[in-house]
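Each remark here refers to the structure printed beneath this line.
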Amino acid sequence: MSMPAAADLPRHQMLIEGKWVDANGGEWFPTDNPFLGKPWAMIARGDNADVDRAIAAAAAAFRGPWRKMSASERGAILRRFGDLVAQNADRLGEIETRDNGKLITEMRGQLRYIPQWFYYFGGLADKIEGRVIPIDKPGVFNFTREEPIGVVAAITPWNSPLMLATWKLAPALAAGNTIVWKPSEFSSASALAFGELFEQAGFPPGVVNIVTGFGSEIGEALVTDPRVAKVAFTGGDATGEQVYGLAARGIKPVTLELGGKSANIVFDDADIPNAIRGVVSGIFAATGQTCIAGSRLLVQRSIHDQVVDGLLALARTAQMGDPLSDATQIGPVTTPGQYRKVLDYIDIARGEGASCVIGGAAATRPECGSGWFVEPTIFTDVKQSMRIAQEEVFGPVLAVIPFEDEEEAIGIANDTQFGLAAGVWTQSIRRALTASERLEAGTVWVNTYRAVSYMSPFGGYKRSGVGRENGMSAIRGYLQEKSVWIDLNGEAPNPFVMR
Ligand code: NAD
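At position 62 of the sequence shown the residue is numbered 62 (the numbering used here), and the sequence of numbers has no breaks.
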């Protein structure tokens with residue numbers, strides 16, 4: 001297949017201080033269409049000078065127009081932005097699918113849902129209140145103020161690009177902060193299309209800046225700049241660890257949303273057809289490229305074969321192909337690196353002695369074209385000690401582990417370094433409640449899987465992250481509390497003794 005010349009591809013500039021600009025060095029990099037396996041657009045390749053310009057713009061906007069606006073005015077702008085996203089949802093969803101290869105049915109659905117975050121947090125903007133504290137010292141008035149932190153660096157991954165950015169931008173902006181956003185180098189196009197709507201919504205220039213480029217090249221400059229007051233990151237745990245270390249140099253608060261190895265636990269009293277559908281939605285939907293992938297199936301031994309047979313039947317009928325088609329159920333893997341990583345993990349699992357009962361190879365069906373497709377893959381006979389049971393694959397690969405009883409199921413589920421999510425399939429209310437208490441995960445779904453909302457907190461236990469996104473408390477991650485003391489006594493006490 002002939003490659004289009006870079007010069008013929010559409011070019012996407014960065015957004016700094018409300019202006020569309022080339023990278024300081026004049027460099028560009030290609031972004032690929034994972035279904036076609038070739039570049040479809042060129043993105044400005046930012047360097048540290050671009051990061052510097054963007055931070056300066058965000059810092060000026062924080063001190064200037066954004067800070068001076070009332071919270072109600074800020075909220076109204078957020079809600080207007082939500083309306084604009086709603087009007088452009090299908091177009092933005094299509095850009096995401098072209099760029100990251102995820103199903104149009106999923107990306108369009110996400111884009112139609114995203115406005116709710118801007119409505120919800122826009123509504124919250126003018127409901128952030130301090131407290132008057134009945135302080136224990138006579139003649140002293142003490143109250144608190146909730147203040148924005150300043151410039152927030154938002155760093156986002158490629159798998160649900162605009163949804164995960166929204167989880168940061170909506171609360172951070174509602175709280176009165178300004179933003180420098182670095183989207184993934186594999187999914188910058190939709191971020192830049194989103195960027196066009198900021199000005200239309202009425203955000204003053206510099207409130208949201210988008211710097212595109214490679215994390216390895218500009219990430220450190222962004223995270224360590226002293227003008228950046230908070231870092232909100234979603235990505236892999238290894239990168240998260242690095243970002244946490246960089247932020248620690250400046251004693252900066254962080255929100256980290258990292259990876260997972262989530263367990264879907266099917267008990268013998270479950271509604272089995274529903275459980276099978278839930279397990280499939282946890283691992284084969286989105287080609288397994290979701291942080292909350294239910295990549296471990298823990299199944300009670302008495303129903304092991306029945307559940308595995310049901311999974312095989314569903315996996316066999318899953319339609320692979322063009323992610324832009326509404327009929328497709330499994331699309332390509334997003335990047336060549338990720339494609340190789342998934343195939344490597346399949347080899348590792350075989351080498352460790354797990355049994356591959358379906359898939360286990362690159363997909364070469366005609367409907368997969370020249371994209372980076374992997375067959376939906378299921379391993380049985382998986383042991384807890386195997387890497388396939390412990391490490392995040394981020395692909396359509398399911399590890400099946402049998403268990404005898406509830407005690408063993410909870411033990412296996414918690415025996416990983418991660419703690420992002422878990423699924424429990426049971427008809428017993430006792431089991432549902434005890435399991436949801438004992439599972440070490442930020443989200444537990446009972447008789448459902450992969451549900452999220454702007455209203456409910458999301459985040460990880462253990463190595464899956466720090467802090468929470470979504471829900472009312474998420475806004476606290478973008479505020480700092482100040483205590484103000486006013487002495488009404490009119491006479492200065494002994495200066496050598498603490499008051
Ligand atoms: P990644 O860690 O490779 O990259 C994430 C972002 O970090 C990108 O924008 C990248 O450019 C940037 N980056 C890379 N090196 C950096 C550095 N040194 N300093 C600063 N920034 C740097 O992740 P990815 O491959 O884009 O995304 C997949 C991962 O994200 C998976 O592990 C997945 O589990 C995780 N994820 C987590 C959640 C969640 O909410 N918990 C959601 C989606 C994805």
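The beta carbon of each residue, even a glycine, is placed where N, CA and C say it ideally should be.
Values in this document were obtained by computation on a predicted structure and should not be read as measured data.
- Counting along the chain, glutamate 147 sits inside no alpha helix (DSSP H); it lies in the beta strand (DSSP E) bounded by residues 140–148.
- Remark: the shortest separation between the CB of proline 157 and any heavy atom of the ligand NAD falls under 7 Å.
- In the three-state DSSP reduction, glutamate 217 falls in the helix class (H, G or I).
- One Cα belongs to alanine 247, the other to proline 253, and the distance between them is close to 7 Å.
- With a cutoff of 7 Å, phenylalanine 29 does not count as near the ligand NAD, since its C-beta is closer than that to no heavy atom of the ligand.
- Taken from the Cβ of lysine 182, at least one heavy atom of the ligand NAD lies inside 7 Å.
- Close CB contacts of glycine 176 within its chain, under the 6 Å cut and outside five residues either way in sequence, are with Pro148 (chain order).
- The beta-carbon separation of serine 188 and threonine 212, rounded to 4 Å, stays under the 8 Å limit for a contact.
- In this structure, the straight-line span from the alpha carbon of serine 355 to that of serine 325 is close to 33 Å.
- In the structure shown, the three-state DSSP call for glycine 465 is strand.
- Listed in chain order, the non-local C-beta contacts of isoleucine 283 below 7 Å within the same chain comprise Ala293, Gly294, Ser295, Pro396, Leu398, local neighbours out to five positions each way being set aside.
- Look at leucine 192: its beta carbon is at least 7 Å from all of the heavy atoms in the ligand NAD.
- Phenylalanine 198 carries a helical assignment under DSSP once its states are collapsed to helix, strand and coil.
- Within the model, the alpha-carbon separation for glycine 215 versus valine 151 is close to 18 Å.
- In the assembly as shown, asparagine 264 is a buried residue. Its beta-carbon has 16 or more other beta-carbons within 10 Å.
- In this structure, the CA atom of proline 493 is about 16 Å from the CA atom of phenylalanine 141.
- A residue is called buried when at least 16 other Cβ atoms come within 10 angstroms of its Cβ; threonine 364 does not meet this threshold and is exposed.
- Asparagine 24 sits in coil when the DSSP states are folded into three classes, being neither helix nor strand.
- Residue pairing by DSSP places isoleucine 114 opposite no residue, since no beta bridge is assigned to it.
- The beta carbons of threonine 426 and aspartate 269 sit about 6 Å from each other, so the pair counts as a contact at 8 Å.
- Taking 7 Å as the cut-off, the C-beta of serine 262 does not count as close to any heavy atom of the ligand NAD.
- Put simply, the segment 304–311 does not touch the segment 70–87. Fewer than three CB pairs are less than 8 Å apart.
- Here the segment 371–382 does not lie against the segment 408–421, with fewer than 3 beta-carbon pairs under 8 Å apart.
- Inside the segment 267–349, DSSP marks whole alpha helix (DSSP H) runs of 4 or more residues at positions 272–283, 304–317, from first to last along the chain.
- The Cβ-Cβ distance between valine 243 and leucine 312 does not fall below 8 Å.
- Leucine 479 carries a strand assignment under DSSP once its states are collapsed to helix, strand and coil.
- The beta carbon of aspartate 32 lies closer than 6 Å to those of Pro39 in the same chain, with the five residues before and after it left out.
- Assigned with DSSP and collapsed to three states, glutamate 367 falls in helix.
- Excluding sequence positions up to five before and after glutamate 367, its CB lies within less than 7 Å of the CB of Met320, Gly321, all in the same chain and listed in chain order.
- In this structure, DSSP gives aspartate 32 an extended state, which the three-state scheme calls strand.
- Approximately 55 Å separates the beta-carbon atoms of proline 332 and phenylalanine 143; this is outside 8 Å, ruling out the contact.
- Between the segment 204–211 and the segment 51–71 there are three or more inter-stretch CB-CB distances shorter than 8 Å, so the stretches are counted as touching.
- Sequence-distant Cβ neighbours of phenylalanine 29 in its own chain, meaning closer than 6 Å and more than five residues away, are Ile43, Arg45.
- Pairing valine 446 with serine 436 gives a Cβ-Cβ distance under 8 Å.
- The segment 227–243 makes no contact with the segment 376–387; the number of CB pairs closer than 8 Å stays below 3.
- In the three-state scheme derived from DSSP, where H, G and I count as helix and E and B as strand, alanine 451 is classed as coil.
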